[in-house]
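Asker: This is the structure I have questions about; it appears just below.
Numbering (my numbering), first residue to last: 1281 to 1886.
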C-alpha cells in the first residue's frame, strides 16, 4: 500500500491504493529527488560563463533613447574649476553647490552666491571642447534614430551657449534639454530623468543615462534607467554605487551601444554576428564545418553512425525560456526514437526594434543549454523580420542511434504494459506558476509555493528516462507528453502504434502541486501540457527491472495501462468501470491564455 495523489472523475483525493499491475515509489518523494538530481546534473555538466560586453548583469539590454550630462560628459572635464567655485561661495567641498544654495534662507545672500556659479559656468563656455568620442557618439545615435536629451545642473543660459560652442555637436540633436532652471529638481533627484524619458517616448528601462558624476548615476538608477559612468580616465564611483556600464571615454561607449540600439530588418550585421559566433568553439570532432561568417551550412561526419534521426520544433515562449525550450523540446523528440541528441541548428527570428544584445544573449543561452546536455550548437540563421512580433526560434535537432536500439512505435505488441514517468501536467504546472503568479497570490499562495511550482519547468527533459528505457530490448515505443497533456499523448501513441490502448484513469500519477494549481484555474490536468513525462510500452517481463532502473535514477515510473489489439483508440477504466477517455480540442494552458487575451481585449474596448 502507498500514499499517492490520484485522479478520479469527480476530482482528486489523497488515499491509499494498490496499483493494478504493481506498486511504485512515493510520487512526492520522487519529485523532490528529481528536482535535486536535475540541479546536480546541470552543475556538473555546465561550462563556466565568461563575461561578455553585450549583457548587463547577465541579461540583454536595449537602448531606445539616451540622456547625457553636459560638463565632463559631452564636454571635456575641467572647464569649470569647481574647487575654486566652492571656495568663492564658501561651500564645503563635500557638499553639492546646488544643495548648498538651496539651504540658504536669505534670498539676497543666495542670489549673490549663485551669481558666482553662473559667472564660472559662462566663463567655461569659452574653454569648452567636445569630450573624446562625443561627436562620433552623437552622430551614431542620430543615424540610428535614437532620440537624445540632456539633463544638467548648469543654468539654462550657460547650457545653450555651451551647446552652440561645441564643434561637431548640433544643439538640434537634443530633443529636450533640462537645466537647473527647470522645475524638476537637480540630479540626483530622478524627476528630470523621468520627464525626459516621457518626452522622448520611451520607458525608463530602455533609457540610457550617461554621466561622469555619481549624481548622474544615482538619478538614473532611481528612475529605473540604464546607467553609464564615464571615468574620463581617472574618476571612480563610490563603492556603494554601481553603474550598468563604466567606460573610460565616449569612444568606448559607442562600442557598447552598438549592441543596444534597435536593429534594422534583415540579417544581423556581420561584425555583431561575429562577436556572438566567436564563442561557439566546439570540441566535437564530428563537426567538420560549424557556425562562422560566410558559412551557410554545417557539415558533420556521420561515417561511424548507424542511424541519423532528425526532429524540428518552433518555440514561441517568452525570451527567458527560449533557449531551454528550444534545446530540450527538440532533444526530447529525438530521444523518443532511442537516439542520442547531438547537434542543433537554429533559425532565430526577431521583431524590428530588437537589439544585438538580445540576439547575442539568446545565442549565448543556446550554447550554454546545449553544453549542459552534451549537444553541439553547430549553426543556423539569424534575422530581424517584421513577420514576427516577438522572438521565434525554430530548432532542428539531429541525433544518432544504433539500429538495434531504435524504437519504432509500430513494433508495439498486444499485451505490453504502458508506463508513464513523473506525473501529469508537469510542464503546465510550471507555466501556470510562471505566467499567472498574481492569480495564485490572490488565491492565498505564498511566494515559496509559487516558486516551487515554477521550478517544475526544470523537469521538462525526458532525455535520462529515454536513455535508460532504450537499453531494454522489451521496450518497443517511447512517446513524450506535450500539448494536450496525457489525454492527447495517449491518443497519439495509439495512432502511431496501430494498437488500441487501455488506460486506468485512477493509476495516472498527479503531484499535489498540480492538483492544487488546476483547482485554482479550473483546469483538467489530463489536458495540461506535460513535457517531462514519457509514455513507454514495455514487455511484461521487463516492467519491474525498467521501473527499478528509472527509480534508481530518481525518476518515478508508474504502470497506467496496457496495449490491446490492433486498431486505434483508448479504452479508459476507472475503479473497474469503463469510462470515456477525455478529449481536448486544445491544451488547457492555451485555453486559459486565450481566455485571458479575450478578457483583456474586452477591457480595452470598454
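Even glycine gets a Cβ: it sits at the ideal position worked out from N, Cα and C. All values reported here derive from a predicted model rather than from experimental measurement.
Whose C-alpha, out of 1602, 1634, 1639, 1678, is nearest the C-alpha of residue 1625?
Answerer: It is 1678 whose Cα lies nearest to the Cα of residue 1625.
Asker: Count the other CB atoms, across all protein chains shown, that sit within 10 Å of the CB of residue 1863; report buried if there are 16 or more and exposed otherwise.
Answerer: Answer is exposed; the Cβ neighbour count stays below 16.
Asker: For the putative contact between residue 1664 and residue 1540, defined by C-beta atoms under 8 Å, what is the C-beta separation to the nearest angstrom?
Answerer: Actually they are not in contact, since the Cβ atoms of residue 1664 and residue 1540 sit about 14 Å apart, beyond 8 Å.
Asker: Which same chain residues, not among the five before or five after residue 1710, have their C-beta less than 6 Å away from its C-beta?
Answerer: Contacts found: 1734, 1736, 1737.
Asker: Rounded to whole angstroms, what's the CA-CA distance from residue 1627 to residue 1493? Just pull it up for me.
Answerer: Approximately 43 Å, taken between the alpha carbons.
Asker: Any idea if residue 1767 is buried or exposed, counting beta-carbon neighbours within 10 angstroms, 16 or more meaning buried?
Answerer: It is buried - the Cβ of residue 1767 has at least 16 other Cβ atoms within 10 Å.
Asker: Measuring from the CB of residue 1472, is there a heavy atom of the ligand ADP at a distance below 8 Å?
Answerer: Among the ligands in the structure shown, none appear at all, so the ligand ADP cannot be discussed.
Asker: Where does residue 1326 fall in DSSP's three states?
Answerer: Note on residue 1326: pLDDT 31, under 50, position unreliable in the model; no value is reported.
Asker: Buried or exposed, going by whether 16 or more other CB atoms sit within 10 Å of the CB of residue 1338?
Answerer: Residue 1338 should be labelled exposed.
Asker: When the Cα of residue 1354 is compared with those of 1417, 1701, 1462, which residue comes out closest?
Answerer: Out of 1417, 1701, 1462, 1417 has the C-alpha closest to the C-alpha of residue 1354.
Asker: Spell out the partners DSSP gives residue 1345 in its beta bridges.
Answerer: Residue 1345 is bridged to 1487.
Asker: Below 8 Å on the Cβ atoms is my guess for residue 1531 versus residue 1412; work out the distance and round it to an integer in Å.
Answerer: Residue 1531 to residue 1412, Cβ: 6 Å. Contact.
Asker: How many angstroms separate the CA atom of residue 1452 from the CA atom of residue 1513?
Answerer: Taking the straight line joining both Cα atoms gives about 29 Å.
Asker: Given a cut-off of 9 Å, decide if residue 1621 and residue 1743 are closer than it, judged by their beta-carbon atoms.
Answerer: Closer than 9 Å, so yes.
Asker: Using beta-carbon positions only, say whether residue 1358 and residue 1414 come within less than 9 Å of one another.
Answerer: Against a cut-off of 9 Å, the Cβ pair of residue 1414 and residue 1358 comes out as no contact.
Asker: For the alpha helix (DSSP H) that contains residue 1650, what are its first and last residues?
Answerer: Element bounds for residue 1650: 1636-1652.
Asker: Give a yes or no on contact between the region 1645-1658 and the region 1685-1698, applying the rule of three or more CB pairs nearer than 8 Å.
Answerer: Cβ pair count under 8 Å is below three, so no.
Asker: Excluding the five sequence neighbours on either side, which residues of its own chain have a C-beta within less than 8 Å of the C-beta of residue 1586, listed in chain order?
Answerer: Cβ neighbours of residue 1586 beyond the five flanking positions: 1680, 1681, 1682, 1683.
Asker: Does the distance from the C-beta atom of residue 1459 to that of residue 1479 stay below 9 Å?
Answerer: The answer is no: Cβ separation not under 9 Å.
Asker: Pull up the distance between the alpha-carbon of residue 1643 and that of residue 1602, whole angstroms please.
Answerer: If I take the Cα positions, the gap works out to 10 Å.
Asker: Please classify residue 1661: is it buried, with 16 or more other beta-carbons within 10 angstroms of its beta-carbon, or exposed?
Answerer: Exposed, because fewer than 16 other Cβ atoms sit within 10 Å of the Cβ of residue 1661.
Asker: Would you mind reading off the limits of the beta strand (DSSP E) that contains residue 1838?
Answerer: Unbroken beta strand (DSSP E) run through residue 1838: 1837-1846.
Asker: I'd like the list of long-range same chain contacts for residue 1762, defined as Cβ closer than 6 Å, with 5 residues on each side in sequence excluded.
Answerer: Correct list, in chain order: 1811.
Asker: Residues in its own chain within less than 8 Å of residue 1517 by CB, not counting five upstream and five downstream?
Answerer: If we look at residue 1517 and ignore the five residues flanking it on each side, its Cβ neighbours are 1494, 1497, 1509, 1523, 1526.
Asker: So, at 8 Å on beta carbons, what are the nonlocal neighbours of residue 1533 in its own chain, with the 5 sequence-adjacent residues on each side left out?
Answerer: Taken in chain order, the residues that qualify are 1413, 1417, 1490, 1508, 1510, 1525, 1527.
Asker: Let me check one thing: in DSSP terms, what residues is residue 1852 bridge-paired to?
Answerer: Paired residues: 1783, 1859.
Asker: Quick one: what does DSSP say residue 1296 is sitting in, helix, strand or coil?
Answerer: Because residue 1296 sits at a pLDDT of 30, beneath the cut-off of 50, its placement in the model cannot be relied upon, and the following sentence gives the value as read from the coordinates. The answer is strand: DSSP assigns residue 1296 an E or B state.
Asker: Pick out whichever of 1654, 1790, 1377, 1717 has its Cα sitting closest to the Cα of residue 1801.
Answerer: Residue 1801 has its Cα closest to that of 1717, out of 1654, 1790, 1377, 1717.
Asker: Which of the three DSSP states, helix, strand or coil, is assigned to residue 1870?
Answerer: In this structure, residue 1870 counts as helix in the three-state DSSP scheme.
Asker: Kindly provide the ranges of any beta strand (DSSP E) runs that are 3 or more residues long and lie completely inside the region 1492-1573, ordered along the chain.
Answerer: Correct list: 1506-1510, 1525-1527, 1567-1569.
Asker: Using a Cβ distance threshold of 8 Å, determine whether the region 1341-1350 contacts the region 1379-1397, with at least three qualifying pairs required.
Answerer: Contact between the region 1341-1350 and the region 1379-1397 is absent, because fewer than three Cβ pairs lie under 8 Å.
Asker: Could you check how far apart the C-beta atoms of residue 1405 and residue 1438 are, in whole angstroms? I think they sit under 8 Å.
Answerer: Confirmed, about 6 Å.
Asker: Identify every residue that forms a DSSP beta bridge with residue 1591.
Answerer: The partner list for residue 1591 (beta bridge, DSSP) reads 1677.
Asker: Rounded to the nearest angstrom, what separates residue 1397 and residue 1600 at their Cα positions?
Answerer: Spanning the two alpha carbons is a distance of roughly 49 Å.
Asker: Excluding the 5 residues preceding and the 5 following residue 1820 in the sequence, name in chain order all residues of the same chain whose CB lies nearer than 6 Å to its CB.
Answerer: Excluding positions up to five away in sequence, the list reads 1697.
Asker: Note down the Cα distance separating residue 1429 from residue 1529, rounded to an integer number of angstroms.
Answerer: The straight-line gap from Cα to Cα measures roughly 19 Å.
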